[in-house]
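The sequence shown begins at 30 in my numbering and counts up one residue at a time.
Shown next, in structure tokens, is the structure this report addresses.
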Amino acid sequence: MRPDIIRFSSALGTVVSVPGLLGKEIMIPVSELPSFLVLDDHLSKLWEQIKASQLTGFGVIVNTFVDLEQPYCEELSHVDACHAYFVGPLAQPSCSTVHHGGDSNVDCLS
Numbered sequence: 030m031r032p033d034i035i036r037f038s039s040a041l042g043t044v045v046s047v048p049g050l051l052g053k054e055i056m057i058p059v060s061e062l063p064s065f066l067v068l069d070d071h072l073s074k075l076w077e078q079i080k081a082s083q084l085t086g087f088g089v090i091v092n093t094f095v096d097l098e099q100p101y102c103e104e105l106s107h108v109d110a111c112h113a114y115f116v117g118p119l120a121q122p123s124c125s126t127v128h129h130g131g132d133s134n135v136d137c138l139s
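Structure (structure tokens):
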């Protein structure tokens, strides 16, 4: 799939189909794809090695949970990783969370 995307990525408005996904065919504009699929950079050159590591390593941690995307989680577990650990969704706390207790609660830290 990558060679086709790279070949057509310069054409404005190009849309590609994502092969091998479950369910309805998904069409994505090339402009929305991650750079390793569109550009021939250092990450794209290592992609096959990354994929091989996923299959032979201890597993892959994924920022989702099975109840949200069960068919895709099962597919990932069978095709792209020897073990997949779904631990999400993970999010950074908002900045406002720090200030809930007021400034006096953190005065002792300075």
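Every residue gets a Cβ at the ideal spot worked out from N, C-alpha and C, and that includes glycine.
This one's a predicted model, so the numbers in the text were calculated from it and none came from an experiment.
- [ ] With DSSP as the reference, please indicate the residues paired to Val91 in a beta bridge.
- [x] BP columns for Val91 point to Phe115.
Open item on the list: Ala110 and Leu84 - do their beta-carbons sit closer together than 8 Å?
Closed with: A distance below 8 Å separates the beta carbons of Leu84 and Ala110.
- [ ] Measure the C-alpha to C-alpha separation of Gly117 and Thr43 and round it to an integer number of angstroms.
- [x] Computed Cα separation, rounded: 32 Å.
Open item on the list: So for Ile79, helix, strand or coil by DSSP?
Closed with: Judged by DSSP in its simplified three-state form, Ile79 adopts helix.
- [ ] Just grab the DSSP bridge partners of Ser46 for me.
- [x] The secondary-structure analysis by DSSP pairs Ser46 across a beta bridge with Met56.
Open item on the list: Taking the alpha helix (DSSP H) that Pro63 belongs to, which residues open and close that run?
Closed with: Element bounds for Pro63: n/a, residue is neither H nor E.
Open item on the list: Quick check on Leu72: does DSSP put it in helix, strand or coil?
Closed with: Reduced to three states, the DSSP call for Leu72 is helix.
Open item on the list: Check for me: the alpha helix (DSSP H) holding Leu105 runs from which residue to which?
Closed with: Start and end: 99-108.
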